[in-house]
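**Student:** Residue 426 is where the sequence shown starts when you use the numbering used here, and the numbers rise one by one after that.
Every residue gets a Cβ at the ideal spot worked out from N, C-alpha and C, and that includes glycine.
Please find one structure pasted underneath; my questions will follow.
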Amino acid sequence: MKRKQRTEILIQDGGSLANKLAETITTKYNYLEIIKPQYGLTMVKMRETAKKSLFYVGEVLITEAKIEINQTIGIGLVIGMEKKMAKSLAIIDAAYRASLPETKNWDVYLLQREKQITELRAKEQAGLLKSKVNFETMEV
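Here's what the structure looks like:
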């Protein structure tokens, strides 16, 4: 599983799975906080549709963290004020990069959670579509 997909699943989950996976690593391995979770700002890029050129829309508040496990650095970056989530993401990233044995089974959990999130969103979307008004069939 690629890093981007893994991170998106963990963030969409809301943090419970990320905290659980990070805890399994921190109980067995020593880790070093290179950068403790801290707030920062980053610029948001957008592509202008007519000219296809990039421009910066503005800034967004982020929380970032860097963790080292077995001489391998992991990075956690999340939008908003989410110190615990950024730290958990950094620990998970470091564990994957260090190829720790615990990470071998994580892809199964992540894919199951991705499926659950997709099904939940489909149900929410179906509920929204039920309440959608069709203005073409309304009498004037």
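#1: Excluding sequence positions up to five away, which residues of its chain have a Cβ less than 6 angstroms from the Cβ of Glu493?
#2: If you measure between the beta carbons of Lys453 and Ala490, is that distance less than 8 angstroms?
#3: Relative to the C-alpha of Glu484, which residue among Ile504, Tyr521 and Tyr534 is closest?
#4: Here's the rule I'm using: 16 or more other beta-carbon atoms within 10 Å means buried, otherwise exposed. How should Ser513 be labelled?
#5: May I ask you to report which of helix, strand or coil DSSP gives Met510?
#6: Would Ala520 be called buried (16 or more neighbouring beta carbons within 10 Å of its own) or exposed?
#7: Helix, strand or coil: which one does DSSP assign to Glu484?
#8: Considering only C-alpha positions, which residue in the set Met471, Arg472 and Met510 is nearest to Ile487?
**Tutor:** Here's the rundown:
#1: Leu457 and Ile459
#2: No, the Cβ-Cβ distance between Lys453 and Ala490 is not below 8 angstroms.
#3: Nearest option by C-alpha distance: Ile504.
#4: buried
#5: helix
#6: buried
#7: strand
#8: Met510
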